[in-house]
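Engineer:
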Amino acid sequence: MVDITIKEHKMCTRRLIEMGRLVAKAKLDHLPTNILLGSFVH
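Residue numbers 15 to 56, in the working numbering, belong to the letters of the sequence shown in order.
1. In this structure, does DSSP put lysine 41 in helix, strand or coil?
2. Could you tell me the distance, in whole angstroms, from the CA atom of leucine 50 to the CA atom of lysine 24?
3. Does DSSP classify threonine 27 as helix, strand or coil?
4. Please confirm whether arginine 28 has its beta-carbon closer than 8 Å to some beta-carbon of chain B.
What follows is the structure, given as structure tokens:
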């Protein structure tokens, strides 16, 4: 099990929220997550 501090957890959560905003702003939030991941990796 990985122990992370509360600060690290908050930073990670904030980053995920920011990424979600970018996906929504690009009007890609209607796509399934597997399609998004595939396009980011490719």
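Even glycine gets a Cβ: it sits at the ideal position worked out from N, Cα and C.
Structural biologist: In short, the structure shows the following:
1. coil
2. 24 Å
3. helix
4. Structure shown: chain B not included; a single protein chain is present.
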